[in-house]
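For the record, in the sequence shown the residue sitting at position 251 is 251 according to full-length UniProt numbering, with numbers rising by one throughout. Report on one structure; see the data block that follows.
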Amino acid sequence: MSDPSAVLDDLRDESDALDRLVAPLEAGRWAAPTPAEGWSVAHQIAHLAWTDRAAHLAVTDAEGFAAAVTEALAAPESFVDDGAAEGAALPPAELLGRWRLGRERLQRALREAPPGARFPWFGPPMSTASMATARLMETWAHGQDVADALGVERAPTARLAQVARIGFRTRDFAYGVHGLTPPADPFRVELTGPGGELWAYGPEDAPQRVTGPALDFALLVTQRAHRADLALRAEGADADRWLDIAQAFAGLPGKGRAPQGDA
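Listed below in C-alpha cells is the structure:
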C-alpha cells in the first residue's frame with residue numbers, strides 16, 4: 001500500500017465511531033467491566049490513548065521510543081496493564097480529552113511522514129500504512145470490548161478489510177510468538193465482507209485455505225471470540241492450526257476468549 005491516505009481515513013473514522021459510543025456515557029458507565037479480565041471501559045480507552053502516544057513517539061522520536069521499549073522490557077507482562085490502569089484512574093472527561101488529542105497528533109505525524117519511512121515498534125518495524133493499519137485494528141478490537149460491555153451491537157463496515165489484511169499478513173508472526181516454525185507454503189484466505197463482497201488474500205491455488213465471514217475472521221485474529229463460536233472453515237492441517245493461534249497484535253501470545261458454551 002503505497003499511499004496511506006485511505007487507511008488513515010479509516011483509522012480516523014473508526015476512532016470517531018468509538019468516540020461517539022463512549023462520549024455520552026455517565027461517569028459510572030466508564031467503570032463497566034469489559035470481557036478483558038480486570039479492564040473496564042476506561043481501561044480500554046486508556047490503553048488506546050497510551051498506544052497512540054507510543055506510536056507518535058515511534059514516528060517522531062526513534063531514540064525516545066527505544067527508551068520506552070527498554071522500560072517496557074523491564075516489566076514485559078505488566079506494562080500494558082500498568083499503562084491502562086494509570087489512564088483509567090483519570091476522570092472520564094480528562095481521559096477522553098487525552099485520547100482525542102493523542103490520536104489527532106498521531107494522525108498528523110503519519111500524514112506528514114516522508115514516503116518510504118519506517119518506524120520502530122514493539123514488533124517488526126512498520127511503514128506509515130502498516131502503523132495506521134495496526135492502530136485501526138487495535139481501535140476496532142478494543143472498541144469491540146467496549147461495545148460488549150455496554151451491550152451494543154456494532155454494524156460491521158468496510159473498514160474490516162484493514163483488520164482482515166493485517167490478520168492475514170501476521171500469520172508468520174503468530175507462529176513465531178508461539179515458538180513455532182511458520183509453514184513454508186502460502187495460505188489462501190477468502191472472506192465475505194459486510195456487503196457480500198469477496199476479500200481474498202494469498203494465491204488462488206493454495207491448498208491451505210480459510211474461508212468465512214470477514215467479521216468472524218476479524219474477531220478471531222484480534223482474539224475477541226473463540227473459533228468455536230465463529231463460522232470460519234479451514235482446509236488443510238496447517239490452516240486449521242493457524243486458526244488456533246492467530247494473533248494480529250504485537251506482544252506476548254494472547255489468552256483469547258473462552259467458547260461461549262463454556263461461559
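Think of the CB as a built atom: it goes at the ideal place given N, C-alpha and C, for glycine as much as any other residue.
Counted within 10 angstroms of its Cβ, other Cβ atoms place Gln260 as buried (16 or more) or exposed: Against the sequence shown, residue 260 aligns to sequence position 260. With fewer than 16 Cβ atoms within 10 Å of its Cβ, Gln260 is classed as exposed.
Beta-carbon proximity check, residue 264 vs Pro182, cutoff 8 Å: Coverage of the chain is limited to positions 1 through 263, which leaves residue 264 absent and any answer about it impossible.
Rounded distance between the beta-carbons of His226 and Gly256, thought under 8 Å: To locate residue 256, count along the sequence shown from 1; it is residue 256. To locate residue 226, count along the sequence shown from 1; it is residue 226. Confirmed, Cβ separation roughly 6 Å.
Ala14 burial status per 10 Å Cβ neighbour count (16 or more: buried): For the purposes of this step, residue 14 is identified with residue 14 of the sequence shown, where counting begins at 1. For clarity, residue 14 is Glu in the given sequence; the question names Ala instead. When all chains shown are included, Glu14 counts as buried.
Beta-bridge pairing of Met126 - partner residues as DSSP gives them: The residue given as residue 126 occupies position 126 in the sequence shown. In DSSP, Met126 forms a bridge with Phe119.
Validate contact between the segment 104–123 and the segment 75–84 using beta carbons, cut 8 Å, 3 pairs: The segment 104–123 makes no contact with the segment 75–84; the number of CB pairs closer than 8 Å stays below 3.
Beta-carbon separation (whole angstroms), Ala49 vs Gly102, contact threshold 8 Å: Residue numbering aside, residue 49 sits at position 49 when the sequence shown is read from its first letter. Residue numbering aside, residue 102 sits at position 102 when the sequence shown is read from its first letter. Rounded to whole angstroms, the Cβ separation of Ala49 and Gly102 is 5 Å, and the two are in contact under 8 Å.
Residue span of the beta strand (DSSP E) that contains Leu191, given as start and end: Reading the sequence shown from its first residue, position 191 is the one you call residue 191. Note, Leu191: beta strand (DSSP E), Arg188 to Thr192.
Buried/exposed call for Asp16, threshold 16 Cβ in 10 Å: For the purposes of this step, residue 16 is taken as residue 16 along the sequence shown, with counting starting at 1. Flag for Asp16 reads exposed.
Cutoff 7 Å; reference Leu243; Cβ partners in own chain excluding five residues on either side: Taking the first residue of the sequence shown as position 1, residue 243 is located at position 243. Excluding residues up to 5 positions away in sequence, Val210, Leu220, Arg227, Leu232 and Ala234 lie with their Cβ nearer than 7 Å to the Cβ of Leu243 in the same chain.
Closest by C-alpha distance to Gly176, when choosing among Arg159, Arg118, Ala248 and Ala206: Here residue 176 is taken as the residue at index 176 of the sequence shown, counted from 1. Of the candidates Arg159, Arg118, Ala248 and Ala206, the one whose C-alpha sits nearest the C-alpha of Gly176 is Ala248.
At least 3 beta-carbon pairs within less than 8 Å: the segment 147–156 vs the segment 26–35: Contact holds: three or more Cβ-Cβ distances are below 8 Å.
Backbone CA spacing between Thr84 and Asp205 [nearest angstrom]: Working through the sequence shown from its first residue, we reach residue 84 at position 84. Working through the sequence shown from its first residue, we reach residue 205 at position 205. Here residue 84 is Ala; the residue named in the question, Thr, does not match the sequence. Cα-Cα distance, rounded: 44 Å.
Residues near Ser40 in its chain [Cβ-Cβ closer than 7 Å; skip 5 each side]: Against the sequence shown, residue 40 aligns to sequence position 40. Once the five neighbours on either side are set aside, the close Cβ partners of Ser40 are Trp30, Ala31, Ala32, Pro33, Thr34 and Ala88.
3-residue-minimum beta strand (DSSP E) runs that sit fully inside the UniProt domain "tRNA wybutosine-synthesis" (183–230), ordered along the chain: The UniProt domain "tRNA wybutosine-synthesis" (183–230) contains these whole beta strand (DSSP E) runs: 188–192, 198–201 and 209–213.
Distance, His56 Cα to Arg108 Cα: Counted from its first residue, the sequence shown places residue 108 at position 108. Counted from its first residue, the sequence shown places residue 56 at position 56. If you take the alpha carbons of Arg108 and His56, they lie about 9 Å apart.
Reference Pro203; option with closest CA among Phe168, Leu215 and Asp216: For the purposes of this step, residue 203 is taken as the residue at position 203 of the sequence shown. Nearest C-alpha to Pro203: Phe168.
Closest by C-alpha distance to Pro115, when choosing among Ala155, Ser130 and Arg105: Here the question's residue 115 lines up with position 115 in the sequence shown. Comparing alpha carbon positions, the residue from Ala155, Ser130 and Arg105 closest to Pro115 is Ser130.
Where Gly212 falls, given that 16 or more other Cβ within 10 Å makes a residue buried: The count along the sequence shown starts at 1 and reaches residue 212 at position 212. Per the 10 Å Cβ criterion, buried.
Inter-residue spacing [alpha-carbon to alpha-carbon] between Ala93 and Arg100: On the sequence shown, residue 93 is found 93 positions in, with the first residue counted as 1. On the sequence shown, residue 100 is found 100 positions in, with the first residue counted as 1. Looking at the two C-alpha atoms, the distance is approximately 11 Å.
For Ala42 and Gln144, the rounded distance between their alpha carbons: On the sequence shown, position 144 is the one that residue 144 refers to. On the sequence shown, position 42 is the one that residue 42 refers to. Answer to the nearest angstrom: the Cα atoms are 13 Å apart.
Close Cβ partners of Asp216 (< 6 Å) along its chain, the five nearest in sequence each way excluded: For the purposes of this step, residue 216 is identified with residue 216 of the sequence shown, where counting begins at 1. So the qualifying residues of the chain are Leu230, Ala231 and Leu232.
Pairwise C-alpha distance: Trp140 and Gly19: Reading the sequence shown from its first residue, position 19 is the one you call residue 19. Reading the sequence shown from its first residue, position 140 is the one you call residue 140. Residue 19 is actually Asp in this sequence, not Gly. Distance between the alpha carbons of Asp19 and Trp140: 12 Å.
Inside the segment 33–73 only - beta strand (DSSP E) runs reaching at least 3 residues: Entirely contained in the segment 33–73, not one beta strand (DSSP E) run reaches 3 residues.
Of the listed residues Gln44, Gly97, Glu112 and Arg98, nearest to Asp3 (C-alpha basis): Here residue 3 refers to the residue found at position 3 when the sequence shown is read from its first residue. If we check each option's Cα against that of Asp3, Glu112 comes out closest.
Spatially closest choice to Thr51 from Leu106, Pro24, Ala66 and Glu26, by CA coordinates: The residue you call residue 51 lines up with position 51 of the sequence shown. Checking every option, the nearest Cα to that of Thr51 belongs to Leu106.
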